[in-house]
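Have a look at the structure below, then the notes.
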């Protein structure tokens, strides 16, 4: 019941994204990265794709038993435009163009792999609920050159290091999306009684890129001394001594950017 609560709430938050891509694309491609039992994918397909006559949903899961179980369920339900792939997120074969990518509780750096896939395949909308962010906490513990000033006090104790590392990981993820032209919203998925992994990062592609956000991200990496998998895969390096000044100009809109949603009446 807790999982159902999370899935239903996430689907409600995804509704504007799904309605947008269905209005603008005859056959939108939705990817559920790290799909597990594919509960989220089945609900999305049932509500948005089953009766639409177009579009497909690709579930990617690394455990073959879960893939086969979900595939059998889709066959029984006659969800003919659901596809399943057994692969880890970083090794999956993605469609050339993705319209919506979602990842619910893809563990640790698997969320980074999902974001890389979304960025590289031009996803209009991204929705991720990160889980078990451990990589940055380990980097904070192991790195030899500590940040200057009082910042190390934020993570000198193991508990604080885990919490600070988790928060820093998601700040970097949100800023990375912004650097690649996404407008980002960070919010709560559902009540804490249903899940402690509760942070939802939503991205809507509105620009070709955002140099200001990229420079802010590079500065943050330099100040904290970390470089998580997401930034390594996308070639974003910490700021150096000769960093560019912050630009004053607004980022350039992308031609097929996702339009602003209409105001509610």
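In our numbering, the protein residues as written are 1014 to 1278. Where a beta carbon is used, it is the ideal one built from N, C-alpha and C, also for glycine. Remember, predicted model here, so these are calculated numbers, not experimental data.
- For residue 1198, the uninterrupted beta strand (DSSP E) segment begins and ends at 1195–1201.
- Residue environment analysis places residue 1120 among the exposed positions, since fewer than 16 neighbouring C-beta atoms fall within 10 angstroms of its C-beta.
- The alpha-carbon of residue 1023 is positioned some 7 Å away from that of residue 1202.
- With respect to residue 1162, residue 1190 sits apart: the two C-beta atoms are not nearer than 8 Å.
- Beta-carbon to beta-carbon, residue 1073 and residue 1034 are separated by about 19 Å, too far to satisfy the 8 Å threshold.
- Per DSSP, residue 1044 lies in no alpha helix (DSSP H) segment; the continuous beta strand (DSSP E) that holds it begins and ends at 1042–1046.
- Taking the CA atoms as reference points, residue 1113 sits about 24 Å from residue 1230.
- Its Cα nearest to that of residue 1224, the residue 1188 stands out among 1168, 1188, 1144, 1092.
- Between residue 1068 and residue 1041, the gap from beta carbon to beta carbon is short of 8 Å.
- When C-alpha distances from residue 1148 are compared across 1166, 1134, 1175, the shortest belongs to 1175.
- By the beta-carbon neighbour count (other beta carbons within 10 angstroms, threshold 16), residue 1213 is buried.
- Exposure of residue 1039 is indicated by the presence of fewer than 16 other C-beta atoms within 10 angstroms of its C-beta.
- In the DSSP assignment, residue 1235 falls outside any beta strand (DSSP E) and lies within the alpha helix (DSSP H) extending over 1224–1237.
- Contact between the segment 1167–1187 and the segment 1231–1240 is established, with three or more Cβ pairs separated by less than 8 Å.
- Around the Cβ of residue 1076, a 10 Å sphere holds fewer than 16 other Cβ atoms; the residue is exposed.
- If you look at residue 1110, you'll find it isn't in any alpha helix (DSSP H); DSSP assigns it neither H nor E.
- By the neighbour-count criterion, in which a residue is buried when 16 or more other Cβ atoms sit within 10 angstroms of its Cβ, residue 1124 is buried.
- Comparing C-alpha distances from residue 1130 to each of 1143, 1144, 1115 shows the shortest one belongs to 1115.
- About 4 Å separates the beta carbon of residue 1083 from that of residue 1051, a gap short enough to meet the 8 Å contact definition.
- Counting only residues of its own chain and dropping the five nearest sequence neighbours on each side, residue 1095 has a CB closer than 6 Å to the CB of 1058, 1070, 1087.
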